[in-house]
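**Q** Sharing a structure below in structure tokens format, with a few things to ask.
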């Protein structure tokens, strides 16, 4: 039995990237304890030792029944160690091996855990490493938050987190998108990770699976599968909360764990209305402030010793297929969320004091006058099209939505060149009254390439982190590359298998569902449905996307069809029409 200072190390309880945890016995307190010892392989790294000791300092300053207690900190023979209370109930990861929990039990665990995390946030700490293995259980089953080894790390440490061994490799499945992209992180990153963990508690599976590259790609680009597909008895309110927590953009998640805890308590009580957190509509499809310049190209990150240059192939997983142009029109009465800004022309002036709301507007009450029916259309509208240099493109159908924290631009782009173009990027330039550029932001079209004359939607999002100034007007630039990569991976032999249905959910938000069929001779994977929503004047007022629900996530075989559902869409004005695009990649 190994001796470390005054502690004899007994059974190995677990090991992470920085330390190993042993069961031991406190000779003075006369009670079992857990001793976390820094791994010998990390001893030569001064920064690692600093992070290890910082964990003890961070947790020692906290006092909450849902956070592990620190009893002692010391160094023996050059090896730092932390002595903590011993929790005999194992970890949440151990419990998850038995499969998904009953909903009531998952809520009983989630509520006190949310309270503990909210307490840590109010003390100025962000955990940044939430996962089931870091949630310990007391003998009575109550959860305790542990392992603050990455807490309170500066943004500069983000890259180091990704390349660290062990612990971070084990947490990619739970990391928020902004942690991958190197953006500043705050408590909302923990909200996302908590959402992943709660998703797993309820469904028995993670929202994204695969190797390191696939996990990163999922968190950065893909919408999470609807939890009720895996757990039909999941309350709808809990599903909405989970999807809100898993929004790519932090501004569209619940803004604090206090909100999450309140929503969970409401769901636990069976309340029909669980507050504004649940009513959030998520940003449309891939319209996130995360950089999309490498969509279909490369995320050049190293995980452990593995360079992820192989993500070039992942870009091919989302290639274009045009929707079936023989689809007929249909109408469904819907109630859309209230808009916060009117549609705009391609270039134009803005109101000096635009509508400002800190959160998305609530949907109108059932007694409000509903907007016109939502009709399926075959062709893109591209209203008020104008050339947008420096290349041969036109931009039209532009609208914007502005509130306190965000500024959304929606529109369409047409390829006016003689050949196909890929990596089509739209840049929005904000200008003052004199025409001087104040700020700019870029976004990619929703399709991987455009054939000559083809039209695709785009969105660009400014957030409060972009230091967006007050502006008087805006205009656009479009750049691209010659299409020599995406075309070879594209699969266009797809069409709608039935007439899609548009309806509103219990909160008044639009849902479009239907089936997509593979009418070609090859299998297709990552079949994506993109919805483009227009107002009565032909402006794009919202974009949404979803993936076809192929059985067991297998490729969609030739002749097979699969269900899809678009939901959680942000609108700049009430839509009256929509069209659907289909895209996929070849499975071989």
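Numbering (the numbering used here), first residue to last: 4 to 591.
Here a beta-carbon is modelled for each residue, glycine too, at the ideal position from N, C-alpha and C.
Just to confirm my understanding: we take residue 189, look at its own chain, exclude 5 residues before and 5 after, and list those with CB closer than 8 Å. What are they?
**A** Counted from its first residue, the chain shown places residue 189 at position 186. These residues qualify, in order along the chain: 129 and 253.
**Q** Is it the case that the segment 394-404 contacts the segment 574-581, given that we only count it when at least three CB pairs across the two stretches are under 8 Å?
**A** yes
**Q** Measuring CB to CB, does residue 7 end up less than 9 Å from residue 113?
**A** Here the question's residue 7 lines up with position 4 in the chain shown. Here the question's residue 113 lines up with position 110 in the chain shown. Not closer than 9 Å, so no.
**Q** What's the C-alpha gap between residue 277 and residue 240?
**A** Position 274 of the chain shown, counting from 1, holds the residue named residue 277. Position 237 of the chain shown, counting from 1, holds the residue named residue 240. Residue confidence is low: residue 277 scores 39 on pLDDT, short of 50, so the model does not pin down where it sits. No coordinate-derived value is stated.
**Q** When the Cα atoms are used, what is the spatial distance from residue 9 to residue 72?
**A** The count along the chain shown starts at 1 and reaches residue 9 at position 6. The count along the chain shown starts at 1 and reaches residue 72 at position 69. Straight-line Cα distance between these residues: approximately 19 Å.
**Q** Leaving aside the five residues before and after residue 355 along the sequence, list all residues of the same chain whose C-beta is less than 8 Å from its C-beta, in chain order.
**A** Along the chain shown, one-based indexing puts residue 355 at 352. Unreliable positioning characterises residue 355 in this predicted model, as indicated by a pLDDT of 35, which lies under 50. The coordinate reading is nonetheless provided below. Within the same chain, residue 355 has close Cβ partners 473 and 475.
**Q** Starting from the Cα of residue 553, find the closest Cα among 582, 545, 520 and 546 and give me that residue.
**A** Start at 1 with the first residue of the chain shown, and residue 553 comes out as number 550. Nearest C-alpha to residue 553: 520.
**Q** Quick check on residue 637: buried or exposed, where buried means 16 or more other Cβ atoms within 10 Å of its Cβ?
**A** A question about residue 637 goes unanswered here, because the residues of the chain that appear run from 4 up to 591.
**Q** Would you check if there are 3 or more beta carbon pairs closer than 8 Å linking the segment 373-392 to the segment 439-448?
**A** Flag = no, the segment 373-392 and the segment 439-448 do not touch.
**Q** State the start and end residues of the unbroken beta strand (DSSP E) segment that holds residue 195.
**A** Stepping through the chain shown from its first residue, residue 195 is reached at position 192. Element bounds for residue 195: not the beta strand (DSSP E) but the alpha helix (DSSP H), 190-206.
**Q** If we count the other Cβ atoms within 10 Å of its Cβ and call it buried at 16 or more, is residue 80 buried or exposed?
**A** Translated into the one-based positions of the chain shown, residue 80 becomes position 77. That one is exposed.
**Q** If you draw a straight line from the C-alpha of residue 32 to the C-alpha of residue 90, how long is it?
**A** Locating residue 32 in the chain shown gives position 29, where the first residue counts as 1. Locating residue 90 in the chain shown gives position 87, where the first residue counts as 1. Each residue's alpha carbon lies about 15 Å from the other.
**Q** Could you give the distance in angstroms between the alpha-carbon of residue 65 and the alpha-carbon of residue 196?
**A** The residue you call residue 65 lines up with position 62 of the chain shown. The residue you call residue 196 lines up with position 193 of the chain shown. Between the C-alpha atoms of residue 65 and residue 196 there is a straight-line separation of about 21 Å.
**Q** What number of angstroms, rounded off, separates the C-alpha of residue 87 from the C-alpha of residue 36?
**A** Taking the chain shown and counting its residues from 1, the one referred to as residue 87 is at position 84. Taking the chain shown and counting its residues from 1, the one referred to as residue 36 is at position 33. So the alpha carbons of these two residues sit roughly 6 Å apart.
**Q** Is it buried or exposed, residue 14, if we count other Cβ atoms within 10 angstroms and call 16 or more buried?
**A** Numbered from 1 along the chain shown, position 11 holds the residue referred to as residue 14. Residue 14 comes out exposed.
**Q** Do residue 495 and residue 394 have their C-beta atoms closer together than 9 Å?
**A** Taking the chain shown and counting its residues from 1, the one referred to as residue 495 is at position 492. Taking the chain shown and counting its residues from 1, the one referred to as residue 394 is at position 391. It is not a contact, given that the beta carbons lie outside the stated cut-off.
**Q** Along the chain, which unbroken stretches of the beta strand (DSSP E) at least 3 residues long are found entirely within the segment 458-505?
**A** 458-466, 476-485 and 497-499, all fully within the segment 458-505.
**Q** Is it the case that the Cβ atoms of residue 148 and residue 116 are separated by a distance below 9 Å?
**A** For the purposes of this step, residue 148 is taken as residue 145 along the chain shown, with counting starting at 1. For the purposes of this step, residue 116 is taken as residue 113 along the chain shown, with counting starting at 1. Taking 9 Å as the Cβ cut-off, residue 148 and residue 116 qualify as a contacting pair.
**Q** Which of the three DSSP states, helix, strand or coil, is assigned to residue 39?
**A** Locating residue 39 in the chain shown gives position 36, counting from the first residue. Under the three-state reduction of DSSP output, residue 39 falls in the strand class.
**Q** Mind checking residue 83: buried by the 16 CB within 10 Å criterion, or exposed?
**A** For the purposes of this step, residue 83 is taken as the residue at position 80 of the chain shown. With 16 or more other Cβ atoms within 10 Å, it is buried.
**Q** Leaving out five residues on either side along the sequence, give the residues of the same chain with a beta carbon under 6 Å from the beta carbon of residue 122.
**A** For the purposes of this step, residue 122 is taken as residue 119 along the chain shown, with counting starting at 1. Contacts found: 67.
**Q** Per DSSP, residue 444 is paired with what?
**A** In the chain shown, the residue the question calls residue 444 occupies position 441. Answer is 431.
**Q** From this set, 536, 243 and 273, which residue's C-alpha is nearest residue 414's C-alpha?
**A** Counting from 1 along the chain shown, the entry for residue 414 is found at position 411. The candidate whose alpha carbon is nearest that of residue 414 is 536.
**Q** From the DSSP output, in three-state form, read off residue 549 for me.
**A** Position 546 of the chain shown, counted from the first residue, corresponds to residue 549. Note: residue 549 maps to strand in three-state DSSP.
**Q** Taking only the alpha-carbon atoms, compute the straight-line gap between residue 548 and residue 452 and give it to the nearest angstrom.
**A** Translated into positions along the chain shown, residue 548 becomes position 545. Translated into positions along the chain shown, residue 452 becomes position 449. Residue 548 and residue 452: Cα-Cα distance of roughly 17 Å.
**Q** Give me the Cα-Cα distance between residue 349 and residue 108, rounded to the nearest whole angstrom.
**A** Counting from one through the chain shown, the residue named residue 349 turns up at place 346. Counting from one through the chain shown, the residue named residue 108 turns up at place 105. With a pLDDT of only 43 at residue 349, under 50, the local geometry of the prediction cannot be trusted, and the value read off the model is given with reservation. Cα to Cα, residue 349 sits roughly 52 Å from residue 108.
**Q** Rounding to the nearest angstrom, what Cα-Cα distance links residue 481 and residue 223 in this structure?
**A** Residue mapping note: residue 481 aligns to position 478 of the chain shown, counting from 1. Residue mapping note: residue 223 aligns to position 220 of the chain shown, counting from 1. C-alpha separation (whole angstroms): 23 Å.
**Q** Determine the DSSP secondary structure at residue 272, reduced to helix, strand or coil.
**A** Residue numbering aside, residue 272 sits at position 269 when the chain shown is read from its first letter. Assignment of residue 272 by DSSP, reduced to helix, strand and coil, places it in the helix class.
**Q** For residue 191, which residues in the same chain have their Cβ closer than 7 Å to its Cβ, ignoring the five residues on either side in sequence?
**A** To locate residue 191, count along the chain shown from 1; it is residue 188. These residues qualify, in order along the chain: 253, 256 and 258.
**Q** Cα-Cα, which of 500, 27 and 261 is closest to residue 564?
**A** The sequence position of residue 564 within the chain shown is 561, counting from 1. Looking at the Cα atoms, 500 is the closest of the given residues.
**Q** Excluding sequence positions up to five away, which residues of its chain have a Cβ less than 6 Å from the Cβ of residue 99?
**A** Taking the chain shown and counting its residues from 1, the one referred to as residue 99 is at position 96. Here the set comprises 135.
**Q** Give me the DSSP bridge partner(s) of residue 87.
**A** Against the chain shown, residue 87 aligns to sequence position 84. Residue 87 is bridged to 37 and 73.
**Q** Give me the Cα-Cα distance between residue 159 and residue 181, rounded to the nearest whole angstrom.
**A** Residue mapping note: residue 159 aligns to position 156 of the chain shown, counting from 1. Residue mapping note: residue 181 aligns to position 178 of the chain shown, counting from 1. Any reading at residue 159 must be qualified, since the residue scores a pLDDT of 33, below 50, and its modelled position is unreliable; no value is offered.
**Q** Taking the alpha carbon of residue 387 as the reference point, which residue from 580, 541 and 208 has its own alpha carbon closest?
**A** As a working mapping, residue 387 is identified with position 384 in the chain shown. Nearest of 580, 541 and 208 to residue 387, Cα basis: 541.
**Q** So, using beta-carbon positions, are residue 625 and residue 42 closer together than 9 Å?
**A** Because the chain is modelled from 4 through 591, residue 625 falls outside the range shown and cannot be assessed.
**Q** Just verifying my parser: in three-state terms, what is the DSSP assignment at residue 451?
**A** Looking up residue 451 in the chain shown gives position 448. In this structure, residue 451 counts as coil in the three-state DSSP scheme.
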